[in-house]
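Residue numbers (the UniProt record's numbering): 1 to 150.
Beta carbons: idealized from backbone N, C-alpha and C, even for Gly.
Working notes, beginning with the structure itself.
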């Protein structure tokens, strides 16, 4: 039996974007942010990838062997959260780039009936100054005709 290396194995094959709804809760020492948004989901190399807009930025969340979170907006980054290793992240701001290391403390992922749920706690280490983050993300497919396209 082949070992499944995906955090959340895909339920369907490659294909066109499908409408979805996502909910995200991000908690940091400075506060929490929660939002829901229309999204598009497509599978890339067998990995579910969700794209959505929020606060003037475009986000991509990919739940594969590692959790990847990308943001393009005033801040830009691609955060790769790997439960087995620290990863480097570069955050582009209007004032320049900031480097950090990301270290996963816990990563739970579930997939059932087309729904995806993620709960990840991680540390961003900015040259000795650490910030603890918790990210909870859920996604569900939209029935045909329901909003979800960007």
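Going by DSSP, what residue range makes up the beta strand (DSSP E) through residue i?
{"i": "residue 18", "result": "18 to 28"}
{"i": "residue 141", "result": "129 to 141"}
{"i": "residue 66", "result": "Per DSSP, residue 66 belongs to no beta strand (DSSP E) and is neither H nor E."}
{"i": "residue 46", "result": "From DSSP, residue 46 is part of no beta strand (DSSP E); its letter is neither H nor E."}
{"i": "residue 84", "result": "Segment: none, residue 84 is in no beta strand (DSSP E) and carries neither H nor E."}
Taking 6 Å as the limit between beta carbons, can you name the residues of its chain near residue i, skipping five residues before and five after?
{"i": "residue 69", "result": "61 and 79"}
{"i": "residue 56", "result": "73"}
{"i": "residue 107", "result": "83 and 120"}
{"i": "residue 135", "result": "26 and 120"}
{"i": "residue 138", "result": "23 and 117"}
{"i": "residue 115", "result": "140"}
Let's test the definition: count the other Cβ atoms within 10 Å of the Cβ of residue i and tell me whether it reaches 16, buried, or not, exposed.
{"i": "residue 40", "result": "buried"}
{"i": "residue 94", "result": "exposed"}
{"i": "residue 45", "result": "exposed"}
{"i": "residue 30", "result": "exposed"}
{"i": "residue 52", "result": "buried"}
Closest by CA to residue i, which one among the options?
{"i": "residue 130", "options": "76, 110, 99 and 38", "result": "99"}
{"i": "residue 67", "options": "54, 141, 49 and 75", "result": "49"}
{"i": "residue 109", "options": "126, 101, 128 and 81", "result": "81"}
{"i": "residue 33", "options": "45, 133, 140 and 114", "result": "133"}
{"i": "residue 28", "options": "128, 124 and 142", "result": "124"}
{"i": "residue 71", "options": "64, 65, 59 and 47", "result": "59"}
{"i": "residue 143", "options": "47, 77 and 113", "result": "113"}
Excluding the five sequence neighbours on either side, which residues of its own chain have a C-beta within less than 8 Å of the C-beta of residue i, listed in chain order?
{"i": "residue 75", "result": "57, 91, 92 and 93"}
Which same chain residues, not among the five before or five after residue i, have their C-beta less than 7 Å away from its C-beta?
{"i": "residue 37", "result": "22, 52, 53 and 54"}
{"i": "residue 122", "result": "81, 102, 103, 104, 105 and 133"}
Take every Cβ of the stretch 69 to 88, pair it with every Cβ of the stretch 16 to 26, and state whether three or more of those distances are shorter than 8 Å. Contact between the stretch 69 to 88 and the stretch 16 to 26 is absent, because fewer than three Cβ pairs lie under 8 Å.
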